[in-house]
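*Asks:* Listed in order, the protein sequences are those of chains W and X. The first sequence runs 1 to 182 under this note's numbering. The second sequence runs 1 to 73 under this note's numbering. Idealized CB from N, CA, C, for every residue including glycine. Keep in mind it's a predicted model, so treat the numbers as computed, not measured. Got a structure for you, questions after.
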Amino acid sequence: MEGGINAWKGLRVEGPPDSGMAYFAPATRPEELIALAWYLEKGSHIFYSELSQRLTDRAAKDLFKELAVAEERHQATLSGLYQDFAGSTSTAGFPESVIPSPEKGEIMEGGMRVSETLDWAKGREVKDILDLSISLEAEAYDLHLRMKARLEDPRGKEVFTVLSHEEKDHLDRLSSLLEQKT
Amino acid sequence: MSILDYFKPVSTWPAEKVRQFMKGKTPDQYNLVDVRQPKEYERGHLPGAKLIPLGELKDRLSEVDPNKPTIIY
C-alpha cells in the first residue's frame, strides 16, 4: 500500500496482537467459544436497542434498531452453531450450562460494559455515538479475525468467520451514516 | 520460496484503492499483512491485519495464503 499506514484514512484499531483474547481464554472447546461470543452479542443487542429508543435522530434511531435486531439474529446464529457443534437438538440452558459469563454485568463487543457505555452516551451528539459504535465494531472485527487466525480447530475458526463477516457489514453501515452526518 | 519470487512484479496501490478493494470483499478473500514492528502495530493497525514483522516474513510465509491477493503495509 502506497504511503503505508500514514496514507490510510480509514479505520484503525490499537493494541497488541493478543489484545482482547483473554476474554476467550476460559474456553477450551468450540461450544464454549460460541457461548462466550453469545454473551457479547447479547450485550451489543442491549446497547443498540437502548440507543434506538433514546435517540431522536430518525436515521440513527432506525440504524440502531436494525443493528439491535441483527445482534439478536447473531445470538440465534450462535445458538444454531452450538446445536450443530454439540450435536444437540435443544438449546435449553445455553449458554449458561456451557460456560458461565466471565464478567459481572453485561459486556458487549469491543469489551466495554453496557451500562457504562450507555451512561457515556447520555447527552452526546449522534456523531459521537456513531464514532464510538464504529470503534467498538472495528475492535470486535479485529479481535474475531485474530482469534480465527490463532485457532487450529476448523469449527472454532468457523465461529469467528461468521461473526467477522457480520461485523464488517455493521461497520459499513455505521460508517455510511457517519459520513452522511459529517 | 524460490529465487524467482524476488523478481515477481508487485503493484503498489494508493490507500483509497486498497480501501475500495477491501470494502467489496470478505476478509477470507485476501491477506492483509502488517510488516511493521510490534510497537507500531500496537499504536494502530488496519482492522484484521496480521502482524508479521518484515524480519520474520521469510520464516512465516506459510501464514500467508499464496492463492489470495496480499495487501502489505
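1) For the beta strand (DSSP E) containing X:V33, name the first residue and the last one.
2) What are the partner residues of W:A165, as DSSP defines its beta bridges?
3) Buried or exposed, going by whether 16 or more other CB atoms sit within 10 Å of the CB of W:P154?
4) So what does DSSP say about W:V98, is it helix, strand or coil?
5) Would you call X:V10 buried or exposed, if buried means 16 or more other Cβ atoms sit within 10 Å of its Cβ?
6) Less than 8 Å between CB atoms is the rule here; does W:H74 satisfy it with respect to chain X?
7) For the beta strand (DSSP E) that W:I5 lies in, which residues bound it at each end?
8) I want to verify the contact list: residues of chain X whose CB lies under 9 Å from the CB of W:Y141, in sequence order.
9) X:K58 by DSSP, collapsed to three states: which one?
10) Looking at chain X, which residues of the region 149-166 of chain W have a Cβ within less than 8 Å of any of its Cβ atoms?
11) Report yes or no: is there a C-beta of chain X within less than 8 Å of the C-beta of W:K42?
12) According to DSSP, is W:T77 part of a helix, a strand, or is it coil?
13) Output, in chain order, the set of chain X residues within a Cβ distance shorter than 9 Å of W:D172.
14) Please list the terminal residues of the continuous beta strand (DSSP E) segment that includes X:T70.
15) Take the Cβ of W:K168 as the centre, count every other Cβ of all protein chains shown within 10 Å, and call the residue buried at 16 or more, exposed below.
16) Determine, using beta carbons only, whether X:I52 comes closer than 8 Å to chain W.
17) Do W:K42 and W:Q75 have their beta-carbon atoms positioned less than 8 Å apart in this structure?
18) Who are the near neighbours of W:F24 in its chain, counting only those whose CB is closer than 7 Å to its CB and skipping five residues on each side?
*Replies:* On the basis of the data shown:
1) Where X:V33 is concerned, the enclosing beta strand (DSSP E) stretches over 31-34.
2) Just to set this straight, residue 165 of chain W is His in the shown sequence, not Ala. Secondary-structure assignment with DSSP links W:H165 through no beta bridge to anything.
3) Result: exposed.
4) DSSP places W:V98 in coil when its eight states are reduced to three.
5) X:V10 comes out exposed.
6) No, W:H74 lies away from the interface with chain X (no Cβ there is under 8 Å from its Cβ).
7) Annotation: W:I5 is outside any beta strand (DSSP E) and is labelled neither H nor E by DSSP.
8) Those within 9 Å of W:Y141 in chain X are P27, P47, G48.
9) Look at X:K58 here: in three-state DSSP terms it is coil, with no helix or strand label.
10) Of all residues in the region 149-166 of chain W, A149, T161, S164, H165 have a Cβ within less than 8 Å of some Cβ in chain X.
11) Nearest CB-CB separation between W:K42 and chain X: not below the 8 Å threshold.
12) In the three-state scheme derived from DSSP, where H, G and I count as helix and E and B as strand, W:T77 is classed as helix.
13) Under the 9 Å cutoff, chain X gives K23.
14) If you look at X:T70, you'll find it in the beta strand (DSSP E) that goes 70-72.
15) Buried, because 16 or more other Cβ atoms sit within 10 Å of the Cβ of W:K168.
16) By this cut-off, X:I52 is not an interface position.
17) A contact, by the Cβ cut-off of 8 Å.
18) Within the same chain, W:F24 has close Cβ partners L33, L36, M147.
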